[in-house]
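Numbering (the UniProt record's numbering), first residue to last: 1 to 582. Here a beta-carbon is modelled for each residue, glycine too, at the ideal position from N, C-alpha and C. Treat the numbers as computed from the prediction; the structure is a model and nothing was measured. Here the structure comes first, spelled out in C-alpha cells, and everything after it is commentary.
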C-alpha cells in the first residue's frame with residue numbers, strides 16, 4: 001500500500017497549484033486512499049470527504065463533487081449507515097449524469113447495486129449492474145467491466161438462471177486467467193461451485209471446494225477456511241453424505257466467531273441441525289435450529305428461513321410435538337409463497353432490463369458514432385493540443401484506476417483483519433487476539449529471560465445480573481468493566497475479552513507479586529464503579545486469578561489453566577478477591 005501512496009504524492013508534486021480542477025481530482029484520490037478500518041477512522045474519513053466536498057462545491061466542480069460524494073457514501077456504508085450511503089450514491093449518480101461522465105455514472109450504479117444486493121433487492125441490483133455494464137463497455141474500461149460482469153453473473157445465480165450465470169463466469173474467468181489474477185480466478189470458481197450445487201452436480205462442486213480450501217489453508221486465511229468448510233458441509237448434506245458433512249462442520253466450529261460473522265455462524269447451526277435430524281438426534285437438531293433462527297429471521301433472508309422452518313417442522317414432528325410442527329409448517333408455506341412472489345417480481349424486472357439493455361446497446365452504438373465524428377473534427381482543428389490533453393487525461397485515468405482498485409483491496413483486507421481480532425461489544429482484543437498477544441509475551445520473556453505473568457478474571461454473579469436487569473444492562477456492565485480495566489493497565493499491558501463475562505490480561509515484565517498488585521488494583525477499581533446510573537441496587541465485583549510464566553508452560557493454555565485454577569479458588573473463597581497460583 002505504501003508504494004501507491006508514494007505514487008499519489010508523486011502525482012501531487014506534478015500538479016499545478018493554480019489548476020483548481022486538478023487539485024480537486026487529487027483530493028478525490030486522497031479521499032479514496034484514506035484508511036478507515038476502525039470506527040474512529042471511518043468518522044475521520046467522512047469528515048475529510050465533507051471538507052473536500054465543500055471545496056469542490058465552492059469551486060463549482062461537479063465532477064469532483066460526484067466522485068467525493070460517492071467516496072463519502074462508501075464510508076457511510078462502512079459505518080453501517082445504509083440510509084446515508086444510498087443517499088450519497090443517488091446524489092453522485094445525479095451529478096455524474098448531469099455532466100455526462102460515463103466512468104462516474106458506471107461507478108455510482110455499480111456501487112449502489114452492491115448495497116441493493118446486500119439488502120436482498122436482487123431486481124434493483126441487476127438493473128443497476130446492467131446499466132453500469134453498458135457504460136463501462138462504452139468507456140472501454142476492461143477491468144471494471146469484467147468485475148461488474150462477474151457481479152451480474154452472481155446475481156443471475158441468485159435468481160436461479162444458472163445457464164446464463166455459467167456463461168458469464170466462463171467469460172470473466174478467462175479474462176482473469178490471462179491477467180494472472182489468481183485471487184479473482186478463485187472467486188469465480190467459488191461461484192461456479194455454488195452453481196454446481198444448485199444444479200445437483202455435487203461431485204464437481206466438491207472438487208472445486210476442495211481446491212479452494214487447499215489454497216485457503218496455504219494462505220492461512222482462517223476466515224475463508226471456516227466459510228469454505230461450512231459451504232462444503234452444505235454440499236455434502238445435499239449429496240446425502242452426512243458423516244463427511246459433520247466432519248467438515250466439526251473442523252469449522254473452532255474457527256467461527258458469532259460476533260464477527262453471525263451469518264456463517266447461523267449457517268453452521270442450520271447445517272448441524274440437518275445432520276442431527278438425518279442421524280435421528282432430534283433434541284440436538286432442535287437446539288441448533290433455535291440458535292440459527294433469530295439471526296436469519298432478523299435478516300429477512302427468506303431462502304435460509306424456509307430451510308430452517310422446513311427442518312424445524314420435521315424435527316418437531318419427529319419429537320411428537322404436532323402442534324408446534326404444524327405452526328412451523330404453516331410458517332414454511334408462507335415463506336415459500338413470499339419466495340415465489342419475489343421470484344416472479346424479479347423475473348418480470350429481468351425481462352424488462354434485458355429489453356432496455358438491448359435498446360441501450362443500440363443507443364450506445366449511435367453515441368459512439370457521433371463521438372467518432374466529433375473526435376475527427378476536433379483532431380483537424382487542434383491536433384497538437386488534443387494529443388497533449390489526451391496523454392495527460394489517459395495518464396490520470398490510469399493512475400486513478402490503479403490507486404482506487406489497490407486501495408479498495410487493501411481497505412477490505414485491513415477491515416476484515418481488524419474485525420476478526422476485535423470484540424464487537426467492548427472494543428477490546430477478542431479471544432484469538434489476546435491469546436496471540438500472550439504467546440508473543442511468553443516468547444519475548446523467554447528470549448530476554450525476564451518475568452511475565454497473566455491474570456484472568458470474570459464478573460461475579462453475571463448470570464444473575466442478566467436475569468434481573470436484562471442482557472442490555474449486562475452489556476453495559478461489561479463495557480464499564482472493560483473501560484476500567486484499560487485505565488488500570490500499565491503501558492505495555494494488554495487486556496482482552498475471551499468470551500461472555502471472561503477476560504484475560506497479559507502482563508509483560510511482571511513477577512507474581514507485581515501482577516498481584518495490578519490484579520488487586522483492578523479488583524478495587526471495579527468494585528468502586530458507580531452503577532447508580534443503571535440501577536441504585538446494582539453492585540458489580542470481579543474475581544481474579546494470577547499466574548507467572550514458568551519453564552513448564554510450553555503453551556498459552558497451560559499458563560491460562562493455572563490462572564483459571566486460581567480464579568476458581570477466588571470464587572470458592574467468596575468472590576471479589578484475588579488469588580494467586582499455588
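Is it a yes or a no for the stretch 513 to 524 touching the stretch 543 to 562, going by three-plus beta-carbon pairs under 8 Å? yes
Considering only the beta carbon of each residue, do residue 193 and residue 212 sit closer than 9 Å? Translated into positions along the chain shown, residue 193 becomes position 193. Translated into positions along the chain shown, residue 212 becomes position 212. For residue 193 and residue 212, yes; Cβs fall inside 9 Å.
What does a CB cutoff of less than 7 Å around residue 519 pick up in its chain, not counting 5 residues either side in sequence? By 1-based counting over the chain shown, the position of residue 519 is 519. Cβ neighbours of residue 519 beyond the five flanking positions: 455, 544, 546 and 578.
Out of curiosity, what's the CA-to-CA distance linking residue 407 and residue 84? Translated into the one-based positions of the chain shown, residue 407 becomes position 407. Translated into the one-based positions of the chain shown, residue 84 becomes position 84. So the alpha carbons of these two residues sit roughly 22 Å apart.
As a quick exercise: from 475, 443 and 467, pick the residue whose alpha carbon is nearest that of residue 559. Within the chain shown, numbered from 1, the residue matching residue 559 stands at position 559. Ranking the options by Cα distance to residue 559, first place goes to 443.
Say whether the stretch 439 to 453 touches the stretch 62 to 81, bearing in mind that this needs 3 or more beta-carbon pairs closer than 8 Å, one atom from each stretch. no
Does DSSP put residue 449 in a helix, in a strand, or in coil? What you label residue 449 is simply residue 449 of the chain shown in a count that begins at 1. If DSSP states are grouped into helix, strand and coil, residue 449 belongs with coil.
Between residue 174 and chain C, is any beta-carbon pair separated by less than 9 Å? Here there is only one protein chain, and chain C is not present.
Which residues share a DSSP beta bridge with residue 579? For the purposes of this step, residue 579 is taken as the residue at position 579 of the chain shown. According to DSSP, residue 579 bridges with 545.
Roughly how many angstroms separate the alpha carbons of residue 322 and residue 210, rounded to a whole number? Translated into the one-based positions of the chain shown, residue 322 becomes position 322. Translated into the one-based positions of the chain shown, residue 210 becomes position 210. Each residue's Cα considered, the two are about 41 Å apart.
Straight-line gap, residue 597 to residue 390 (C-alpha atoms, nearest Å): Residue numbering for the chain in the displayed model covers 1 to 582; residue 597 lies beyond these limits and cannot be assessed.
Residues that DSSP places opposite residue 458 in a beta bridge: Numbered from its first residue, the chain shown carries residue 458 at position 458. DSSP, once it has assigned bridges, lists 502 and 543 as partnering residue 458.
Out of curiosity, what's the CA-to-CA distance linking residue 286 and residue 55? On the chain shown, residue 286 is found 286 positions in, with the first residue counted as 1. On the chain shown, residue 55 is found 55 positions in, with the first residue counted as 1. Going by the C-alpha atoms only, they are around 58 Å apart.
Proximity to residue 119 [Cα-Cα], best of 534, 527, 336 and 298: Locating residue 119 in the chain shown gives position 119, counting from the first residue. Closest option to residue 119, Cα to Cα, is 298.
Cβ pair residue 53, residue 72 closer than 9 Å: Taking the chain shown and counting its residues from 1, the one referred to as residue 53 is at position 53. Taking the chain shown and counting its residues from 1, the one referred to as residue 72 is at position 72. Yes, these two residues count as a Cβ contact at 9 Å.
What's the gap between the Cα of residue 248 and the Cα of residue 430? Counting from one through the chain shown, the residue named residue 248 turns up at place 248. Counting from one through the chain shown, the residue named residue 430 turns up at place 430. Each residue's Cα considered, the two are about 24 Å apart.
Alpha carbon to alpha carbon, what distance is there between residue 233 and residue 319? Looking up residue 319 in the chain shown gives position 319. Looking up residue 233 in the chain shown gives position 233. Cα to Cα, residue 319 sits roughly 25 Å from residue 233.
Going by CA-CA distance only, name the one from 263, 155, 423 and 265 that's closest to residue 495. Within the chain shown, residue 495 is the residue found at index 495, counting from 1. Of the candidates 263, 155, 423 and 265, the one whose C-alpha sits nearest the C-alpha of residue 495 is 423.
So what does DSSP say about residue 114, is it helix, strand or coil? Locating residue 114 in the chain shown gives position 114, counting from the first residue. Three-state DSSP puts residue 114 in a helix.
Simplified DSSP assignment, three categories, for residue 552: Taking the first residue of the chain shown as 1, we reach residue 552 at position 552. Correct three-state label for residue 552: coil.
Residues that residue 258 bridges to, as DSSP identifies them: Looking up residue 258 in the chain shown gives position 258. Looking at the DSSP assignment, residue 258 forms no beta bridge with any residue, so it has no partner.
Taking the alpha carbon of residue 189 as the point to measure from, which residue in 199, 170, 178 and 180 has its own alpha carbon closest? Taking the chain shown and counting its residues from 1, the one referred to as residue 189 is at position 189. Checked all of 199, 170, 178 and 180; the closest Cα to residue 189 is 170.
Note down, in chain order, each residue of its chain lying with its Cβ closer than 7 Å to the Cβ of residue 207, except the 5 sequence neighbours on either side. Position 207 of the chain shown holds residue 207. So the list is empty, once near-sequence residues are dropped.
Quick check on residue 524: buried or exposed, where buried means 16 or more other Cβ atoms within 10 Å of its Cβ? By one-based count along the chain shown, residue 524 stands at place 524. The residue in question, residue 524, is exposed, as its Cβ has fewer than 16 Cβ neighbours within 10 Å.
Residue 474 lies in the alpha helix (DSSP H); which residues open and close that run? Numbered from 1 along the chain shown, position 474 holds the residue referred to as residue 474. First-last of the alpha helix (DSSP H) with residue 474: 471 to 488.
Going by Cα to Cα distance, which pick from 79, 108 and 75 is closest to residue 91? Taking the chain shown and counting its residues from 1, one reaches residue 91 at position 91. For the residues 79, 108 and 75, the minimum Cα distance to residue 91 belongs to 108.
Hey, residue 526 and residue 542: beta-carbon distance below 9 Å or not? As a position in the chain shown, residue 526 is number 526, starting the count at 1. As a position in the chain shown, residue 542 is number 542, starting the count at 1. In this structure, residue 542 lies closer than 9 Å to residue 526 by Cβ.
In whole angstroms, what is the alpha-carbon distance linking residue 161 and residue 226? In the chain shown, the residue the question calls residue 161 occupies position 161. In the chain shown, the residue the question calls residue 226 occupies position 226. Rounded to whole angstroms, residue 161 to residue 226 spans 28 Å at the Cα level.
Keeping to the same chain, check which residues put their C-beta closer than 6 Å to that of residue 112; ignore five residues upstream and five downstream. As a position in the chain shown, residue 112 is number 112, starting the count at 1. Contacts found: 89 and 128.
Rounded to whole angstroms, what's the CA-CA distance from residue 400 to residue 231? Just pull it up for me. Walking along the chain shown from the start, residue 400 turns up at place 400. Walking along the chain shown from the start, residue 231 turns up at place 231. Cα to Cα, the separation comes out at about 36 Å.
Have a look at the DSSP bridge pairing and note the partners of residue 507. For the purposes of this step, residue 507 is identified with residue 507 of the chain shown, where counting begins at 1. Answer is 453.
Burial state of residue 393 (16 or more Cβ within 10 Å): As a first step, residue 393 must be located in the chain shown, where it is residue number 393. Label assigned to residue 393: exposed.
Per DSSP, residue 494 is paired with what? Position 494 of the chain shown, counted from the first residue, corresponds to residue 494. Paired residues: 506.
Determine the direct distance from the alpha carbon of residue 537 to that of residue 569, and round the result to whole angstroms. Taking the chain shown and counting its residues from 1, the one referred to as residue 569 is at position 569. Taking the chain shown and counting its residues from 1, the one referred to as residue 537 is at position 537. About 27 Å.
Between the beta-carbon of residue 78 and the beta-carbon of residue 36, is there less than 9 Å? As a working mapping, residue 78 is identified with position 78 in the chain shown. As a working mapping, residue 36 is identified with position 36 in the chain shown. Yes.
Is the distance from the Cβ of residue 306 to the Cβ of residue 335 below 9 Å? Translated into the one-based positions of the chain shown, residue 306 becomes position 306. Translated into the one-based positions of the chain shown, residue 335 becomes position 335. The answer is yes: Cβ separation under 9 Å.
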